[in-house]
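Read through the structure below, which is laid out as structure tokens, and then see the notes.
Numbering (the numbering used here), first residue to last: 1 to 179.
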């Protein structure tokens, strides 16, 4: 099943409530953001792959996708800001990235780990390609928060973060051993 926001091409509802349920492909309007995965009650839910094809704000489709007068519309009251062109592969809940997944930007920067309500949350690893910095640790509401380790330029250092700000280094910089 292929669903297209704002067009009627290939749109079908698979239950009596006229919302999308099961597996399918959703291509959204002018952004051409593409979701290939599972739906539950009209929302991305379960395992799926989302290609963000436009920088900026991407519709998170937290509302149900419904068949209305021959056209599919995305009723949504919330959006999330994507970091630009990229791909998310992982689990979804109620239209948002939730559970375990990996988001990779076009420049190679990635985050792999836990998500909650569309934000990095729990334990995860981030590689920032521009600086070659790797952060591995805990996150809260999309920000580094709690214990974490930074690896950069051949050195490793542990620290503590609060709401995205490092507040304390726990160790001195330690060179990585060469094996």
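By construction, the Cβ of each residue, glycine as well, lies at the ideal position given by its N, Cα and C atoms.
A buried status is given to residue 113, since no fewer than 16 other beta-carbon atoms sit within 10 Å of its beta-carbon. Between residue 85 and residue 52, the C-beta gap is smaller than 9 Å, which places the two residues in contact.
Boundaries of the beta strand (DSSP E) harbouring residue 36: 33-40, taken from the DSSP string. A direct Cα-Cα distance of roughly 13 Å separates residue 145 from residue 126. Residue 103 holds the alpha-carbon nearest to the alpha-carbon of residue 128 among 103, 141, 140. Within the stretch 75-157, the complete beta strand (DSSP E) runs of at least 3 residues fall at 79-82, 86-93, 96-105, 110-116, 119-128, 133-140, 143-152.
Taking every protein chain shown into account, the CB of residue 120 has 16 or more other CB atoms within 10 angstroms, so this residue is buried. Apart from sequence neighbours up to five positions away, the residues of its chain that approach residue 94 with a beta-carbon distance below 6 Å are 43, ordered along the chain.
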